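Just add 17 to the spot in the sequence shown (first one is 1) and you have the numbering used here.
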Amino acid sequence: MAWIVSDGIVMASAEVTTDRRSRNKGLLGRDGLDGAFVVDGCRWIHTFGMRFPLDVAYLDADGNVLKTVRMHRNRLGAPVPRSRSVIEAEAGAFARWGLHVGIVIELRR
Numbered sequence: 018m019a020w021i022v023s024d025g026i027v028m029a030s031a032e033v034t035t036d037r038r039s040r041n042k043g044l045l046g047r048d049g050l051d052g053a054f055v056v057d058g059c060r061w062i063h064t065f066g067m068r069f070p071l072d073v074a075y076l077d078a079d080g081n082v083l084k085t086v087r088m089h090r091n092r093l094g095a096p097v098p099r100s101r102s103v104i105e106a107e108a109g110a111f112a113r114w115g116l117h118v119g120i121v122i123e124l125r126r
């Protein structure tokens with residue numbers, strides 16, 4: 018278990034990919050998500066086979082949020098060249114958490 022933190026405030030709990038298998042499976046087959054799912058070493062995602070829409074944040078190597086998008090099911094996202102990791106959450110979560118472009122995210126494990 019990990020925590021997504023910004024300015025010392027815990028925004029959400031997070032699952033973090035730990036190997037190729039967990040990264041490839043991602044959120045496929047799930048009906049929902051409590052907290053967030055973090056994919057390290059990622060510049061783009063897809064939502065083919067997903068059962069729910071996602072909020073997606075692209076972070077650089079320092080944790081700066083470069084871009085956020087709402088992705089509906091069965092879509093292919095555009096690559097974000099400077100991205101080093103991606104945070105995925107159920108659509109609407111980022112607004113509740115205050116996660117937006119320009120903030121810095123720390124992942125605490």
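All C-beta atoms in this analysis are idealised placements derived from N, C-alpha and C, irrespective of residue type, glycine included.
The structure displayed is predicted, hence computed values, not measured ones.
Original post:
DSSP on PHE54, reduced to helix/strand/coil?
Top reply: By one-based count along the sequence shown, residue 54 stands at place 37. When secondary structure is reduced to three states using DSSP, PHE54 falls in the strand class.
Subject >> Own chain residues within Cβ distance below 7 Å of LYS84, not counting five before or after >> reply: Here residue 84 corresponds to residue number 67 of the sequence shown, with the count starting at 1. Same-chain partners within the cutoff: TYR75, VAL97 and VAL118.
Original post:
Taking the alpha carbon of VAL103 as the point to measure from, which residue in ARG92, LEU50, ARG37 and VAL33 has its own alpha carbon closest?
Top reply: One-based indexing of the sequence shown puts residue 103 at position 86. Measuring C-alpha to C-alpha distances from VAL103 to each of ARG92, LEU50, ARG37 and VAL33 identifies VAL33 as the nearest.
Subject >> DSSP state of TRP61 mapped onto helix, strand, coil >> reply: On the sequence shown, position 44 is the one that residue 61 refers to. TRP61: coil per DSSP, three-state reduction.
Original post:
What do you reckon, are the CB atoms on ALA106 and ALA19 nearer than 8 Å?
Top reply: For the purposes of this step, residue 106 is taken as residue 89 along the sequence shown, with counting starting at 1. For the purposes of this step, residue 19 is taken as residue 2 along the sequence shown, with counting starting at 1. No, they are not a contact pair.
Original post:
Alpha carbon to alpha carbon, how far is ASN81 from LEU50?
Top reply: If you number the sequence shown from 1, residue 81 lands on position 64. If you number the sequence shown from 1, residue 50 lands on position 33. When rounded, the distance between both Cα atoms is 23 Å.
Original post:
In chain order, what residues of the same chain have a beta carbon less than 7 Å from the beta carbon of GLY6, not counting five sequence neighbours either side?
Top reply: The question about residue 6 has no answer here: the residues shown for the chain are numbered 18 through 126.
Subject >> Pick from PHE69, MET67, PHE65 and ALA78 that is closest to GLY58, judged by C-alpha positions >> reply: Start at 1 with the first residue of the sequence shown, and residue 58 comes out as number 41. Residue ALA78 is the option with its Cα nearest to GLY58.
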